[in-house]
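Presented below is the structure to which this report refers.
Residue numbers (my numbering), protein chains in the order written: chain A, 118 to 478; chain B, 833 to 1243.
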């Protein structure tokens, strides 16, 4: 008798579970993995699931749109939301791989400001909403420079005063802008200059001046490794990648914010996603003021909403203030550049070809 | 007599029928694999090759523009009907699918950087007759011939432009071909470097793998099994771990340099540069691909009758003559198979060289991956891939002419 009762109970429970599952939706969110996905899970995914009862399947990828393109083209779309960089957001949008987003659905800022005004410039695109800004900065090992310390972008190119090898990403973006800014071009004029033939020559000439001392890196994990092993004395890096060894392992690295270049990470919805509305709900939630401020607890990336900045607190170790480590911190923004999506969407092919060919010579 | 004849005829027919049934059964057994290979291998490759030369994006969505621009002489002024057709058809295409104008714009932009927003604008702007003046008012670029020339290049369905670009040539609007500016020419250099690296790795694998395989084939089974596990170890390690281990070994402050300094073989100033250059690429790739050389060699050497060498020695040959004249020729099938495997795999390697090769680490496969993932220029990636495939097939053909493919033994 008891067995039958148990069986009935189990059946009822299963039925109830299935019914609940039918009401709650499940979406797949694809991001970059590691500490970054962890920050997103804690700050966006968990609160949203608790609030709506929906669930999220998390997947990792290594960037690029090949997978997205094949899903959309074959009509077999299994991803709903993807975390992309602005250049991919734009080229994917142009190629019809992402849904056009209804940006009026984004909530107002906590201070009551309109969403469009609350987001920093460039963080809202037709097909994507920016969540955080990371910075391309350069950092050095302070034990290698006992006297004068590098402080400005031009010091990176000054091999006489600051000898040693340099780490740089094997990529045209970032390096060309950096070269021009180090050569004295104002941040506001960088893309105007880079759009001209003379500007391109000037940038390559500046890079040429240190080429023989450059160690080219490919993956974001390499720069801290290059610095720690003494292979280079200075390297460009993503700010979060140097922050972690500095804070958690006490490495003697110093970040130079002068001439930092900010890039957004953005949410986009795959064209043909069957749960478009649920996905949009998640995007609206995760890009509201509080979650954007919360993610900074786990990783030093700046929220794209102005109203989030005052809410940024301490790192998860409980003692490091995050605000001074944010790319969006006003003190770090003195000489800074937001990477131009429109420029690179038109000139990437051409300049990258030139860059790869230059590197090989 | 007739009875006998009829009898044999019947027998023959019955035999043939039985044989046919056997053949059919064999074919049915193979059919699933054949279908799998066709669907998952031959088909994608063929679509890839097709994509490199054939694309109807512009010609299907802007048919009238395509026809009119084909007749337009690149030095003549742009005729009014062409402007009208472009404006009308871009708007119509946008109604069908809002992504089409921007896709077309991306195509044009690849021929002339800076055209993306100009072309996209056309589909969004309200332009009235006269259309050419309207376009010029939209942006001065439309009054210049360059953007029209770019459009003329991308309009036809069939176009060799991606193949030309893959070989560092560019198709011009008037149909002529110019070679890419020297500071943008890139692919031929990378093809050359890729082949050189692959050849170097193959040679290194052959030199290192031959003695190891010989040892494996001539020790007791227990020892050879142990050694085989060591040979296969790199297979069981993650690619990134393997690569990072080599970085830790070879870098300036790495294990090898530290040891050499500690032994006073080199001074603190004279640390060797073994990382982020061609040397590192060759070492790491050789390490990864070595098993593909050792395994076929090992299996061939296992099958060589030791009496042949003994006979040669007993007939008065010196050990080296016995080895080169008797033993070595018998290992050629294994050596050939190993070389072919290593070479073909090496041609397609790109993550490892990119991580350890520094500025020399860029190979042709990096560019293919780059266009597949970053710029979404799949036709160009397909064209480069097709050329690479053709090159490898050519080598394979050469190999089969020189060594004989029927002699190859893979294990």
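Ideal Cβ positions, reconstructed from N, Cα and C, are used throughout, including at glycine.
Boundaries (first-last residue) of the alpha helix (DSSP H) holding residue i
{"i": "residue 983 of chain B", "result": "977 to 986"}
{"i": "residue 377 of chain A", "result": "First-last for residue 377 of chain A: 370 to 386, but that is the beta strand (DSSP E), not the alpha helix (DSSP H)."}
{"i": "residue 891 of chain B", "result": "889 to 893"}
{"i": "residue 412 of chain A", "result": "406 to 412"}
{"i": "residue 458 of chain A", "result": "458 to 477"}
{"i": "residue 1097 of chain B", "result": "Residue 1097 of chain B -> no alpha helix (DSSP H), and no H or E assigned at all."}
{"i": "residue 299 of chain A", "result": "292 to 299"}
Residue i (DSSP reduced to helix, strand or coil)
{"i": "residue 258 of chain A", "result": "strand"}
{"i": "residue 1111 of chain B", "result": "helix"}
{"i": "residue 419 of chain A", "result": "strand"}
{"i": "residue 286 of chain A", "result": "strand"}
{"i": "residue 355 of chain A", "result": "strand"}
{"i": "residue 137 of chain A", "result": "Any reading at residue 137 of chain A needs caution, since the residue's pLDDT is 47, under 50, leaving its predicted position unreliable; the model's value is listed next. Helix at residue 137 of chain A."}
{"i": "residue 1103 of chain B", "result": "coil"}
{"i": "residue 253 of chain A", "result": "strand"}
{"i": "residue 161 of chain A", "result": "helix"}
{"i": "residue 849 of chain B", "result": "helix"}
{"i": "residue 1134 of chain B", "result": "helix"}
{"i": "residue 1181 of chain B", "result": "coil"}
{"i": "residue 960 of chain B", "result": "coil"}
{"i": "residue 431 of chain A", "result": "strand"}
{"i": "residue 873 of chain B", "result": "helix"}
{"i": "residue 1006 of chain B", "result": "coil"}
{"i": "residue 1069 of chain B", "result": "coil"}
{"i": "residue 1040 of chain B", "result": "helix"}
{"i": "residue 365 of chain A", "result": "helix"}
{"i": "residue 151 of chain A", "result": "helix"}
{"i": "residue 246 of chain A", "result": "strand"}
{"i": "residue 275 of chain A", "result": "coil"}
{"i": "residue 1147 of chain B", "result": "coil"}
Straight-line Cα distance separating residue j from residue i
{"i": "residue 315 of chain A", "j": "residue 293 of chain A", "result": "13 Å"}
{"i": "residue 222 of chain A", "j": "residue 937 of chain B", "result": "29 Å"}
{"i": "residue 987 of chain B", "j": "residue 1202 of chain B", "result": "25 Å"}
{"i": "residue 904 of chain B", "j": "residue 175 of chain A", "result": "53 Å"}
{"i": "residue 417 of chain A", "j": "residue 255 of chain A", "result": "15 Å"}
{"i": "residue 433 of chain A", "j": "residue 415 of chain A", "result": "6 Å"}
{"i": "residue 462 of chain A", "j": "residue 899 of chain B", "result": "29 Å"}
{"i": "residue 1029 of chain B", "j": "residue 381 of chain A", "result": "37 Å"}
{"i": "residue 850 of chain B", "j": "residue 857 of chain B", "result": "11 Å"}
{"i": "residue 209 of chain A", "j": "residue 1131 of chain B", "result": "50 Å"}
{"i": "residue 207 of chain A", "j": "residue 975 of chain B", "result": "27 Å"}
{"i": "residue 407 of chain A", "j": "residue 400 of chain A", "result": "13 Å"}
{"i": "residue 833 of chain B", "j": "residue 848 of chain B", "result": "Because residue 833 of chain B sits at a pLDDT of 45, beneath the cut-off of 50, its placement in the model cannot be relied upon, and the following sentence gives the value as read from the coordinates. Each residue's alpha carbon lies about 23 Å from the other."}
{"i": "residue 146 of chain A", "j": "residue 198 of chain A", "result": "5 Å"}
{"i": "residue 1037 of chain B", "j": "residue 1121 of chain B", "result": "7 Å"}
{"i": "residue 270 of chain A", "j": "residue 923 of chain B", "result": "47 Å"}
{"i": "residue 1119 of chain B", "j": "residue 1077 of chain B", "result": "12 Å"}
{"i": "residue 1115 of chain B", "j": "residue 1182 of chain B", "result": "14 Å"}
{"i": "residue 395 of chain A", "j": "residue 1206 of chain B", "result": "28 Å"}
{"i": "residue 291 of chain A", "j": "residue 1220 of chain B", "result": "31 Å"}
Residue span of the beta strand (DSSP E) that contains residue i, given as start and end
{"i": "residue 143 of chain A", "result": "143 to 148"}
{"i": "residue 1003 of chain B", "result": "1001 to 1003"}
{"i": "residue 1011 of chain B", "result": "1009 to 1011"}
{"i": "residue 453 of chain A", "result": "453 to 455"}
Cβ pair residue i, residue j closer than 9 Å
{"i": "residue 344 of chain A", "j": "residue 350 of chain A", "result": "yes"}
{"i": "residue 1033 of chain B", "j": "residue 967 of chain B", "result": "no"}
{"i": "residue 214 of chain A", "j": "residue 186 of chain A", "result": "yes"}
{"i": "residue 992 of chain B", "j": "residue 906 of chain B", "result": "no"}
{"i": "residue 347 of chain A", "j": "residue 261 of chain A", "result": "yes"}
{"i": "residue 1087 of chain B", "j": "residue 1081 of chain B", "result": "yes"}
{"i": "residue 1125 of chain B", "j": "residue 1040 of chain B", "result": "yes"}
{"i": "residue 1065 of chain B", "j": "residue 1048 of chain B", "result": "no"}
{"i": "residue 951 of chain B", "j": "residue 1075 of chain B", "result": "no"}
{"i": "residue 1133 of chain B", "j": "residue 1185 of chain B", "result": "no"}
Distance cut-off 8 Å: residue i Cβ against heavy atoms of the ligand GDP
{"i": "residue 870 of chain B", "result": "With respect to the ligand GDP, the structure shown offers nothing to examine, as it has no ligands at all."}
Contact with chain D by residue i, beta-carbon distance below 9 Å
{"i": "residue 182 of chain A", "result": "Looking at the structure shown, chain D is missing, and the protein chains on hand are A and B."}
Every unbroken alpha helix (DSSP H) inside the stretch 172 to 228 of chain A [4 residues or more]: 183 to 191 and 203 to 211
Beta strand (DSSP E) runs wholly inside the stretch 305 to 362 of chain A, at least 3 long, in chain order: 331 to 334 and 351 to 355
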